[in-house]
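Undergrad:
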DNA sequence: TTGTCGATTGAG
DNA sequence: TCAATCGACAAT
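Residue numbers (the working numbering): 45 to 259.
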């Protein structure tokens, strides 16, 4: 075909390391028809999570019922529950047998904003409805029940509609991640208002006495 | 079976 | 800066 503004969307493109797949997903259009409501968004920020080599990955310690889908075929949805109240969504990468996933951290709503707004806090500013992984998942109505969905299947209620041509992007350390914090495995589009703010990882220490650390 | 901690968010 | 809130998983 002639010069298409889109990139061929085939599973092989997603079947590599998360580090390679993550930038591919920047600018991708994601469509959700969960609950009979259509919400479309454009991905602006992602993070790569590998398998056995990545201590911050859910798959680091091998397969479990929760992370099973990460070990499957690329291009499927992996949603996990965190902090007792939030869902976050990933796109699986690598070939079957090897774990990897790309966390969807932020997006801008292209279509169905009223529906997205209805799902999120009414106080959320318009451009920030899908800013942050939990808000992104909530805007699209994604929960653990959607884990395993094939994002490349035409009939899937959640799917990747198109990939954007490779473009400029920035990288930095992953947000809220303590392990392997030195790796710049977060990718985002420049000048995207929806991109979330960086926050270093690290656990809160219980009973941390007034450790001001100040002289 | 128990305890710790988390790929976050929003309020104070 | 901190509480909310509960599932996963490692350690008993």
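C-beta atoms are modelled at their ideal positions from N, C-alpha and C, and glycine is treated no differently.
On a predicted model such as this, the values are computed, not experimentally measured, just so you know.
Buried or exposed for residue 189, please, with buried defined as at least 16 other CB atoms from any protein chain shown within 10 angstroms of its CB.
TA: Position 145 of the first chain holds residue 189. Counting Cβ neighbours within 10 Å, residue 189 comes out exposed, since fewer than 16 surround it.
Undergrad: Quick one: Cα of residue 249 to Cα of residue 228, how far?
TA: As a working mapping, residue 249 is identified with position 205 in the first chain. As a working mapping, residue 228 is identified with position 184 in the first chain. Because residue 249 carries a pLDDT of 45, less than 50, the predicted location of this residue cannot be relied on, and the following value inherits that uncertainty. Between residue 249 and residue 228, the C-alpha separation is close to 25 Å.
Undergrad: Restricting to runs no shorter than 3 residues, where is the beta strand (DSSP E) found entirely within the region 86 to 120?
TA: none
Undergrad: Taking the alpha-carbon positions, what's the residue 239 to residue 139 distance?
TA: For the purposes of this step, residue 239 is identified with residue 195 of the first chain, where counting begins at 1. For the purposes of this step, residue 139 is identified with residue 95 of the first chain, where counting begins at 1. Taking the straight line joining both Cα atoms gives about 29 Å.
Undergrad: Do you know offhand how far residue 213's Cα is from residue 105's?
TA: Indexing the first chain from 1 puts residue 213 at position 169. Indexing the first chain from 1 puts residue 105 at position 61. Those two C-alpha atoms are separated by around 31 Å.
Undergrad: Out of 218, 210, 77, 83, point me to the one whose CA is closest to residue 241's CA.
TA: Residue 241 sits at position 197 when you count from the first residue of the first chain. Selected option, being the one with the closest Cα: 218.
Undergrad: On the criterion of 16 or more Cβ atoms from any shown chain inside 10 Å, does residue 125 qualify as buried, or is it exposed?
TA: Within the first chain, the letter at position 81 stands for residue 125. Counting Cβ neighbours within 10 Å, residue 125 comes out exposed, since fewer than 16 surround it.
Undergrad: Residue 132 and residue 177 - do their beta-carbons sit closer together than 8 Å?
TA: As a working mapping, residue 177 is identified with position 133 in the first chain. As a working mapping, residue 132 is identified with position 88 in the first chain. Going by C-beta atoms, residue 177 is nearer than 8 Å to residue 132.
Undergrad: Taking residue 98 as the reference, give the member of 84, 192, 85, 61 with the closest Cα.
TA: As a working mapping, residue 98 is identified with position 54 in the first chain. If we check each option's Cα against that of residue 98, 61 comes out closest.
Undergrad: Could you name each continuous alpha helix (DSSP H) segment of 4 residues or more that falls completely within the region 152 to 227, going from the start of the chain to the end?
TA: 157 to 163, 177 to 184
Undergrad: Is the region 108 to 118 touching the region 173 to 187, taking contact as three or more C-beta pairs under 8 Å?
TA: Not touching, per the Cβ criterion.
Undergrad: Quick check on DSSP: helix, strand or coil for residue 230?
TA: Residue mapping note: residue 230 aligns to position 186 of the first chain, counting from 1. Look at residue 230 here: in three-state DSSP terms it is strand.
Undergrad: Provide the residue span of the beta strand (DSSP E) that contains residue 135, from first to last.
TA: For the purposes of this step, residue 135 is taken as residue 91 along the first chain, with counting starting at 1. Unbroken beta strand (DSSP E) run through residue 135: 130 to 136.
Undergrad: Let's test the definition: count the other Cβ atoms within 10 Å of the Cβ of residue 166 and tell me whether it reaches 16, buried, or not, exposed.
TA: Locating residue 166 in the first chain gives position 122, counting from the first residue. Classification for residue 166: exposed.
Undergrad: Out of 55, 93, 141, state which residue places its alpha-carbon closest to the alpha-carbon of residue 223.
TA: For the purposes of this step, residue 223 is identified with residue 179 of the first chain, where counting begins at 1. Considering only alpha carbons, the answer is 93.
Undergrad: Go to residue 74, then tell me how far its beta strand (DSSP E) extends in each direction, as first and last residue.
TA: For the purposes of this step, residue 74 is identified with residue 30 of the first chain, where counting begins at 1. Start and end: 73 to 76.
Undergrad: Taking the DSSP output, what are the residues bridged to residue 84?
TA: By one-based count along the first chain, residue 84 stands at place 40. Beta-bridge pairing links residue 84 to 75, 155.
Undergrad: Check whether the Cβ atoms of residue 90 and residue 70 sit closer than 8 Å, and answer yes or no.
TA: Translated into positions along the first chain, residue 90 becomes position 46. Translated into positions along the first chain, residue 70 becomes position 26. Contact flag set, yes.
Undergrad: By the three-class DSSP mapping on this structure, what secondary structure does residue 126 have?
TA: Against the first chain, residue 126 aligns to sequence position 82. Of the three classes helix, strand and coil, the one that applies to residue 126 here is strand, per DSSP.
Undergrad: Are residue 201 and residue 77 close, meaning C-beta to C-beta below 8 Å?
TA: The residue given as residue 201 occupies position 157 in the first chain. The residue given as residue 77 occupies position 33 in the first chain. Yes.
Undergrad: According to DSSP, is residue 140 part of a helix, a strand, or is it coil?
TA: Your numbering for residue 140 matches position 96 in the first chain. Looking at residue 140 - three-state DSSP - the assignment turns out to be coil, as it is neither helix nor strand.
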